Amino acid sequence: MAAMAPQHKIFAILIALAFTFNAGAQHSFKVNASQCRAATPEELKWLPAEWTPFRIFTRACPVLGPGRRTDLLLISPSAEKFYKSQPGTQANAVKLPAARLYLPGGRFCGTLPYAFPDDPPVEMSVRFSEWRGGSVPTKIDLEISDPTASGNRRTAMVWDPVTRMYQEKNK
Amino acid sequence: MTPTMAPEATTTATAALKKACDEAYLKGTGSCSNAVWEVIKSMSNAQEPYRVANVLMDHMSANWKTVELEEGYNLANQGIVVVGGTKVEQGNGHVIVIYPGAKKLNGGYMYFYKKGNKDLMLNGTKLYPLCLSTSMGKWPGANSNGDKTVWDPWGSDKGFEGVKFFTPKA
Chain A
1 MAAMAPQHKI FAILIALAFT FNAGAQHSFK VNASQCRAAT PEELKWLPAE
51 WTPFRIFTRA CPVLGPGRRT DLLLISPSAE KFYKSQPGTQ ANAVKLPAAR
101 LYLPGGRFCG TLPYAFPDDP PVEMSVRFSE WRGGSVPTKI DLEISDPTAS
151 GNRRTAMVWD PVTRMYQEKN K
Chain B
1001 MTPTMAPEAT TTATAALKKA CDEAYLKGTG SCSNAVWEVI KSMSNAQEPY
1051 RVANVLMDHM SANWKTVELE EGYNLANQGI VVVGGTKVEQ GNGHVIVIYP
1101 GAKKLNGGYM YFYKKGNKDL MLNGTKLYPL CLSTSMGKWP GANSNGDKTV
1151 WDPWGSDKGF EGVKFFTPKA
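Chains A and B, in that order, give the protein sequences.
Using my numbering, the first residue of the first sequence is number 1, and each one after it goes up by one.
Using my numbering, the first residue of the second sequence is number 1001, and each one after it goes up by one.
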């Protein structure tokens, strides 16, 4: 096979980089609660003390990046599992801990406004996007369905590269 | 500063505010802004034009006096109209009137959680002033003729954080 001229090599690398960046820019991942699993003992250790009553109902949802690898973990108590575990047809509404985001190594990087996928009476859908060639998505779109006077709404969180945390947009 | 009234005038004004709230609730339009409009026309300005909740919130922010909840509670118990609410961008806001009377515990009603197939009881956490609130939605806390509190239409501390209260300028 003929050797590639240096300028052609550089051009090929730039094309590959642009392709990767573009793939990251276009990729988005909507978290599907059916793809979440029980949190591992290691993952449970990352959580604050107030999660203790909800440990056995805690789910970890992998957030897959453009390379199909787990770039983030969304960890949340499952309201459905918690309330189904309560006896009878009635239960007291409890304040569930809000879902938290972690890098795969266990570094905490943000809190969503509610438990995922629901925090009765609120339901929340979560979509990650705009990887921009990095290892984490830089935008989170939240669609909140809320029967109270607060109403249905959409909001977003963005990655702050300085603090390496997700912050509510416009805050 | 909260204006002061003679006790007998307060009693009459409070009864009038209660009556205006009751009548607005009984009209049963289900529209929060219509119910609030009825009370404003009865108690403050008969010529008040109708405004939907988001527009009313903007109007009150610009033209009415902002009051803290405690001051609003005291004013309502002197028969003075105090309107609270939230504006929802790209959505429908919600407005209520502080209903005269003693504070009560928030919550105390159930809502159905379909996925868990359970009725969930929202237990009270704190005393709040009562409210007149009507709504076309299904949230039980959003319909109140003085039987629920100003917190209940929003149903959570997080939701109630954004509620602002106003009274017409004297």
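All C-beta atoms in this analysis are idealised placements derived from N, C-alpha and C, irrespective of residue type, glycine included.
Predicted, not measured: the structure shown is a model, and the values here were computed from it.
Of the residues the options, the one placed nearest residue i, counting alpha carbons only
i                      : options                           : result
residue 27 (chain A)   : A:58, A:60 and A:66               : A:66
residue 90 (chain A)   : B:1075, B:1112 and B:1158         : B:1112
residue 79 (chain A)   : A:121, A:132 and A:31             : A:121
residue 1135 (chain B) : B:1033, B:1014 and B:1013         : B:1033
residue 45 (chain A)   : A:32, A:97, A:36 and A:106        : A:106
residue 144 (chain A)  : A:158, A:135 and A:127            : A:127
residue 1046 (chain B) : B:1071, B:1053, B:1068 and B:1020 : B:1020
residue 1177 (chain B) : B:1116, B:1149, B:1054 and B:1016 : Outside the displayed span of chain B (1001 to 1170) sits residue 1177 (chain B), for which this structure offers no information.
residue 108 (chain A)  : A:36, A:164, A:50 and A:87        : A:164
residue 1012 (chain B) : B:1051, B:1076, B:1139 and B:1024 : B:1076
residue 1156 (chain B) : A:162, A:148 and A:158            : A:148
residue 56 (chain A)   : A:71, A:83, A:130 and A:62        : A:83
residue 1167 (chain B) : B:1152, B:1066 and B:1115         : B:1066
residue 125 (chain A)  : A:74, A:49 and A:94               : A:74
Neighbourhood of residue i by C-beta, 8 Å cutoff - its chain only, sequence neighbours within 5 removed
i                      : result
residue 53 (chain A)   : none
residue 2 (chain A)    : Reliability fails at residue 2 (chain A), whose pLDDT of 49 lies under 50, so the model's placement of it is uncertain and the value that follows must be treated cautiously. Correct list: empty, nothing qualifies.
residue 1119 (chain B) : 1110, 1111, 1112 and 1113
Backbone secondary structure at residue i - three-state DSSP
i                      : result
residue 126 (chain A)  : strand
residue 1133 (chain B) : strand
residue 1160 (chain B) : helix
residue 1050 (chain B) : coil
residue 27 (chain A)   : coil
residue 62 (chain A)   : strand
residue 1127 (chain B) : strand
residue 1103 (chain B) : strand
residue 1145 (chain B) : strand
residue 69 (chain A)   : coil
residue 33 (chain A)   : helix
residue 38 (chain A)   : strand
residue 17 (chain A)   : The predicted position of residue 17 (chain A) is uncertain, since its pLDDT is 46 and thus under 50; a value taken from the coordinates is nonetheless stated next. Three-state DSSP puts residue 17 (chain A) in a helix.
residue 112 (chain A)  : coil
Per-residue contacts from residue i into chain B (C-beta, under 9 Å)
i                     : result
residue 167 (chain A) : What residue 167 (chain A) touches in chain B: nothing, since even the nearest Cβ is about 17 Å away.
residue 84 (chain A)  : 1115, 1116, 1117 and 1118
residue 137 (chain A) : Here the premise fails: no neighbours, minimum Cβ distance about 24 Å.
residue 89 (chain A)  : 1117, 1118 and 1119
Chain A residues whose Cβ lies nearer than 9 Å to that of residue i
i                      : result
residue 1094 (chain B) : 148, 149, 150 and 151
residue 1126 (chain B) : Result: empty, since nearest Cβ-Cβ is about 13 Å, beyond 9 Å.
residue 1142 (chain B) : 147, 148 and 149
residue 1110 (chain B) : 90 and 93
residue 1154 (chain B) : 148, 149 and 150
residue 1088 (chain B) : 149, 150, 151, 152 and 153
Rounded straight-line distance, which links the Cα of residue j to that of residue i
i                      : j                      : result
residue 14 (chain A)   : residue 139 (chain A)  : Below a pLDDT of 50, predicted positions are generally treated as unreliable, and residue 14 (chain A), at 47, falls in that range; no measurement from the model is reported.
residue 1079 (chain B) : residue 1159 (chain B) : 27 Å
residue 1093 (chain B) : residue 113 (chain A)  : 20 Å
residue 36 (chain A)   : residue 154 (chain A)  : 23 Å
residue 64 (chain A)   : residue 42 (chain A)   : 20 Å
residue 1035 (chain B) : residue 1053 (chain B) : 11 Å
Where residue i meets chain B, residues with beta-carbon distance less than 7 Å
i                     : result
residue 143 (chain A) : The premise fails here: residue 143 (chain A) is roughly 12 Å from chain B at the closest Cβ pair, so nothing lies under 7 Å.
residue 80 (chain A)  : 1115 and 1116
residue 118 (chain A) : 1115
Same chain only: Cβ atoms within 7 Å of residue i, ignoring 5 sequence neighbours per side
i                      : result
residue 156 (chain A)  : 139, 140, 141, 142 and 169
residue 160 (chain A)  : 167
residue 103 (chain A)  : 72 and 109
residue 1161 (chain B) : none
Interface partners of residue i on chain B, CB under 8 Å
i                    : result
residue 92 (chain A) : 1120, 1121 and 1123
residue 53 (chain A) : The contacting residues do not exist; residue 53 (chain A) stays about 16 Å from chain B at best.
Closer than 7 Å at the beta carbon, the chain A residues around residue i
i                      : result
residue 1138 (chain B) : 147
residue 1151 (chain B) : Here the premise fails: no neighbours, minimum Cβ distance about 10 Å.
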